[in-house]
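Residue numbers (our numbering): 1 to 85.
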């Protein structure tokens with residue numbers, strides 16, 4: 001997927017890792033939400049909204065990682081119990 005120059009600049013501004021700029025779903029999500037927001041706002045407000053969306057996405061990923069860690073720990077405990085005679 002070719003990333004247009006404006007979108008690439010926005011992604012660089014919010015310090016999105018370069019590898020993520022090739023993620024079609026991620027780019028489409030940001031583009032769709034920012035375009036919807038910026039139609040009735042200034043570019044600065046649109047950029048602020050983009051920052052908020054990225055922060056929400058990162059927070060949700062951290063919550064998921066935390067939940068996966070809890071599940072992993074519980075599975076480890078269950079495995080240890082099953083190994084005991």
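Even for Gly, the Cβ is constructed at its ideal location relative to N, Cα and C.
These numbers come from a predicted model, not from an experiment.
Can you tell me whether residue i is helix, strand or coil according to DSSP?
i: residue 60; result: helix
i: residue 43; result: helix
i: residue 74; result: helix
i: residue 48; result: helix
i: residue 80; result: helix
Thinking just about the alpha-carbon of each residue, which of the options is nearest to the one in residue i?
i: residue 31; options: 42, 53, 67; result: 53
i: residue 29; options: 57, 70, 61; result: 57
For residue i, count the other beta carbons within 10 Å of its own beta carbon; 16 or more makes it buried, fewer makes it exposed. Which is it?
i: residue 75; result: exposed
i: residue 88; result: The shown model of the chain, from 1 to 85, leaves out residue 88, and the question about it has no answer.
i: residue 79; result: exposed
i: residue 71; result: exposed
i: residue 82; result: exposed
i: residue 1; result: Confidence at residue 1 is low in this model, with a pLDDT of 43, below 50, so its placement is unreliable and no value can be given for it.
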